[in-house]
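Asks:
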Amino acid sequence: MNWGWQYVWDYRLWFIRGFGYTILFTSVGVFFGTIIGLFLGLGQISQNKLARGFSKAYVDLFRGTPLMVQILIIHFGLLPPLFHLFGYQSTTPLISGFVALSLNSGAYVAEIFRAGILSIDKGQMEAARSLGLTRAQAMRFIILPQAFKRMIPPLGNEFIALLKDSSLLIVIAAQELTYAGQMTSKNTFAYLGPYFTVAAGYLMLTLIFSRGVSYLERKFSK
Amino acid sequence: MIQVTGLTKRYDDHEVLKDVHLSIAEKEVVCIIGPSGSGKSTLLRCLNRLEEFQSGHIMIQGEDIADPTIDINQVRTHVGMVFQHFNLFPHKTVLENITLAPIQVLKMSKEEAVAIAEKYLGKVGLLEKANAYPEDLSGGQKQRVAIARALAMQPKIMLFDEPTSALDPEMVKEVLDVMKELATEGMTMVVVTHEMGFAREVADRVVFIDQGVILEEETPAEFFLKPKHERLKSFLSKVL
Ligand SMILES: Nc1ncnc2c1ncn2[C@@H]1O[C@H](COP(=O)(O)OP(=O)(O)OP(=O)(O)O)[C@@H](O)[C@H]1O
Ligand SMILES: [Mg+2]
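Residue numbers (the numbering used here), protein chains in the order written: chain S, 165 to 386; chain R, 21 to 260.
1) Any idea which residues DSSP pairs R:Val210 with across the strands?
2) How is the beta strand (DSSP E) around R:Met79 delimited, first residue to last?
3) Please name the residue, chosen from S:Arg382, S:Met368, S:Ala354 and S:Lys350, that lies closest to S:Gln387 on a Cα-to-Cα basis.
4) For ligand 1, is there a heavy atom less than 7 Å away from the beta-carbon of R:Val102?
5) Does S:Gln170 come out as helix, strand or coil in the three-state DSSP assignment?
6) So the candidates are R:Phe106, R:Glu132 and R:Thr119; which of them puts its Cα closest to the Cα of S:Glu290?
7) Relative to chain R, which residues along the region 285 to 309 of chain S have a C-beta separation below 7 Å, given in chain order?
8) Which residues, in order along the region 120 to 136 of chain R, keep a beta-carbon less than 7 Å from a beta-carbon of chain S?
9) For ligand 1, which residues count as neighbours when the test is a C-beta closer than 5 Å to any heavy atom?
10) Please confirm whether R:Gln163 and R:Val195 have their CB atoms less than 8 Å apart.
11) Taking DSSP's pairing of strands, which residues face R:Val227 in a bridge?
12) So, is R:His41 buried or exposed, given that buried needs 16 or more other C-beta atoms within 10 angstroms?
13) Determine, using beta carbons only, whether R:Asn151 comes closer than 8 Å to chain S.
14) Taking the C-alpha atoms as reference points, what is the distance between R:Pro122 and S:Gln339?
15) Starting from R:Val195, trace the alpha helix (DSSP H) in both directions and tell me its first and last residue.
16) Using DSSP with H/G/I as helix, E/B as strand and the rest coil, what is R:Gly100?
17) Express the C-alpha separation of S:Ser219 and R:Lys22 in angstroms, rounding to a whole number.
18) Beta carbon of S:Ser330, beta carbon of S:Thr190: below 8 Å?
19) Give the secondary structure of R:Ile22 by DSSP, where H, G and I count as helix, E and B as strand, and everything else as coil.
20) How is the beta strand (DSSP E) around R:Ser43 delimited, first residue to last?
21) In terms of residue numbering, what span does the alpha helix (DSSP H) encompassing R:Val144 cover?
22) Would you kindly check if the distance between the Cβ of R:Val102 and the Cβ of R:Val210 is under 8 Å?
23) So, does the region 55 to 66 of chain R touch the region 199 to 217 of chain R, judging by three or more C-beta pairs under 8 Å?
24) At least one CB of chain S closer than 8 Å to the CB of R:Arg164: is that the case?
25) Report yes if the CB atom of S:Pro317 is closer than 8 Å to the CB atom of S:Glu275, and no otherwise.
26) Does the beta-carbon of R:Val165, which I'm using as the reference point, lie nearer than 7 Å to any heavy atom of ligand 3?
27) Sorry if obvious, but does the Cβ on R:Pro211 come closer than 7 Å to a heavy atom of ligand 2?
28) How about R:Thr28: is its C-beta nearer than 8 Å to some C-beta of chain S?
29) Which residues in chain S have a C-beta closer than 7 Å to the C-beta of R:Phe73? List them in chain order.
30) In three-state terms, what does DSSP make of S:Lys350?
31) Taking the CB atoms as reference points, tell me whether R:Pro154 and R:Pro110 lie closer together than 8 Å.
Written as structure tokens, this is what we have:
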């Protein structure tokens, strides 16, 4: 069997760059996904019909269609005309990747926020409101801090999924880790070495990440 | 201090309160009793608009809270509420539970709020628990903290919804004692309770509500010794 470990070494700069991009894509997705998710999650339980309708439709749309299709639509269909409108040549795989992962994880995080908030006993909101706090104050000081603790494990799962799903960005040739493996294979006709290296890269990141999540879980469980 | 007129509250087409009229004077202590599901909690929760109602008016210190343009949060600062299940904030210490609203709603400085919190914690006998978390307190202690939390807003009216129903029997007295003291000091109180002893001893007036209708409204002496309605008679025969 042609493992091709020597090619992995030859192409090491691609792997290192891909590793870095995978971390970057995931971090950006986590960051903006959390912000988008917070607003959509609050929107879903808002008393405003419009906000509720929009959030529900958004979540359904992004959870009900494959991420790979979303990436294709965003990169080839939606962003290019938008970029032209503002006088730029076109989007790049980097930018499309950021947008697609953020929008997609926003939908999943919204569900986690919604479930987290709804899991808090109704009496907490009532006690806060009976003291004269506004709904927004009650959310901020009473509901969200308690919900957030319960959200740490599902958020951790979501972000591990996002890390792995960032490999789908290969369809728009974003230069993340899987892409490095694919390019190496194409050039050298060796498969196992490059793709095992890719797999090991993801495994390392998911293991580190889930350690981090359990640490946070322990830290906030008090 | 509180005037309820023509209050009607429905859940879908289930009418829970039917044309309720009730007037409560300053410093008066009114106990509300009645069978389960009769609408006691609903009535109480309408008084600070935790429940929206379909028709009628509720005047709190001259302000009609049925008016949707009113600043309900402002009204609620004058109306404290104590719940059956305490509803303390589990992620905050006892002191933080009490100082949160004075700081955020009344815009007090932290020092001022802490001073007030300590005053009321002392009053309910739990000063040494200031830095404990709710989970480290017994049920009776939790409810006393909840009372202190409501009092720290320096309300004119206190609403209690079965404040001792979730307590082990040996803890009922410590909570009732705090409430008795409040009553003696002239707090206006509306108390939903199954504690007939408390109603008899402390209430100025006892209200019997059944199927969303106030059937009887009397001084404790009249209420317990000369009940008029058959329903009240049979209710009392079951609980006394
Ligand atoms: N959120 C709700 N939706 C629909 N019906 C409700 C709701 N809350 C209360 N009800 C109904 O309204 C009626 C009055 O309820 P309420 O809680 O005021 O009774 P209660 O007198 O406080 O009873 P208990 O002694 O059991 O606390 C009951 O029939 C109850 O089923
Ligand atoms: Mg009740």
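Every residue gets a Cβ at the ideal spot worked out from N, C-alpha and C, and that includes glycine.
Replies: Quick answer:
1) Residue 210 of chain R sits at position 190 when you count from the first residue of the second sequence. Answer is R:Val50 and R:Leu179, bridged to R:Val210.
2) Here residue 79 of chain R corresponds to residue number 59 of the second sequence, with the count starting at 1. Here the beta strand (DSSP E) through R:Met79 covers Ser75 to Ile80.
3) Lying outside 165 to 386, the shown extent of chain S, residue 387 of chain S is not represented and no answer is given.
4) Along the second sequence, read from residue 1 onward, the residue named residue 102 of chain R stands at position 82. Because no heavy atom of ligand 1 lies under 7 Å away, the Cβ of R:Val102 does not count as near it: no.
5) As a position in the first sequence, residue 170 of chain S is number 6, starting the count at 1. Helix.
6) Numbered from 1 along the first sequence, position 126 holds the residue referred to as residue 290 of chain S. For the residues R:Phe106, R:Glu132 and R:Thr119, the minimum Cα distance to S:Glu290 belongs to R:Phe106.
7) Sequence-ordered contacts of the region 285 to 309 of chain S with chain R read Gly287, Gln288, Glu290, Ala291, Arg293, Ser294, Leu295, Gly296, Leu297, Thr298, Gln301, Phe305, Ile306 and Pro309 [C-beta pairs closer than 7 Å].
8) Leu120, Ala121, Gln124 and Val125
9) R:Tyr31, R:Val36, R:Ser56, R:Gly57, R:Ser58, R:Gly59, R:Lys60, R:Ser61 and R:Thr62
10) Here the question's residue 163 of chain R lines up with position 143 in the second sequence. Here the question's residue 195 of chain R lines up with position 175 in the second sequence. Cβ atoms of R:Gln163 and R:Val195: closer than 8 Å.
11) For the purposes of this step, residue 227 of chain R is identified with residue 207 of the second sequence, where counting begins at 1. Answer by DSSP bridge pairing, in chain order: R:Ile52 and R:Glu237.
12) Taking the first residue of the second sequence as 1, we reach residue 41 of chain R at position 21. Its Cβ having fewer than 16 others within 10 Å, R:His41 is exposed.
13) Residue mapping note: residue 151 of chain R aligns to position 131 of the second sequence, counting from 1. Output row for R:Asn151: interface = no.
14) Working through the second sequence from its first residue, we reach residue 122 of chain R at position 102. Working through the first sequence from its first residue, we reach residue 339 of chain S at position 175. Approximately 54 Å between the Cα atoms of the pair.
15) Translated into positions along the second sequence, residue 195 of chain R becomes position 175. Residues Pro189 to Thr204.
16) For the purposes of this step, residue 100 of chain R is identified with residue 80 of the second sequence, where counting begins at 1. The three-state reading of DSSP puts R:Gly100 in strand, counting E and B together.
17) The count along the second sequence starts at 1 and reaches residue 22 of chain R at position 2. The count along the first sequence starts at 1 and reaches residue 219 of chain S at position 55. The sequence as given places Ile at residue 22 of chain R; Lys does not occur at that position. About 41 Å.
18) Your numbering for residue 330 of chain S matches position 166 in the first sequence. Your numbering for residue 190 of chain S matches position 26 in the first sequence. Contact flag set, yes.
19) Here the question's residue 22 of chain R lines up with position 2 in the second sequence. Looking at R:Ile22 - three-state DSSP - the assignment turns out to be strand.
20) Start at 1 with the first residue of the second sequence, and residue 43 of chain R comes out as number 23. His34 to Ile44 is the extent of the beta strand (DSSP E) around R:Ser43.
21) The sequence position of residue 144 of chain R within the second sequence is 124, counting from 1. Where R:Val144 is concerned, there is no enclosing alpha helix (DSSP H), given that its DSSP letter is neither H nor E.
22) One-based indexing of the second sequence puts residue 210 of chain R at position 190. One-based indexing of the second sequence puts residue 102 of chain R at position 82. Contact flag unset, no.
23) yes
24) For this step, residue 164 of chain R is matched to residue 144 along the second sequence. Chain S, which has no Cβ nearer than 8 Å to the Cβ of R:Arg164, makes this no.
25) Working through the first sequence from its first residue, we reach residue 317 of chain S at position 153. Working through the first sequence from its first residue, we reach residue 275 of chain S at position 111. No, these two residues do not count as a Cβ contact at 8 Å.
26) Absent from the structure shown: ligand 3. Ligands present: ligand 1 and ligand 2.
27) Residue 211 of chain R sits at position 191 when you count from the first residue of the second sequence. Looking at the sequence itself, residue 211 of chain R is Val, so the reference to Pro does not match. Every heavy atom of ligand 2 is 7 Å or more from the Cβ of R:Val211, so no.
28) Taking the second sequence and counting its residues from 1, one reaches residue 28 of chain R at position 8. So, not an interface residue.
29) Reading the second sequence from its first residue, position 53 is the one you call residue 73 of chain R. Here the premise fails: no neighbours, minimum Cβ distance about 16 Å.
30) Taking the first residue of the first sequence as position 1, residue 350 of chain S is located at position 186. S:Lys350: helix per DSSP, three-state reduction.
31) Position 134 of the second sequence, counted from the start, is the residue given in the question as residue 154 of chain R. Position 90 of the second sequence, counted from the start, is the residue given in the question as residue 110 of chain R. Contact flag set, yes.
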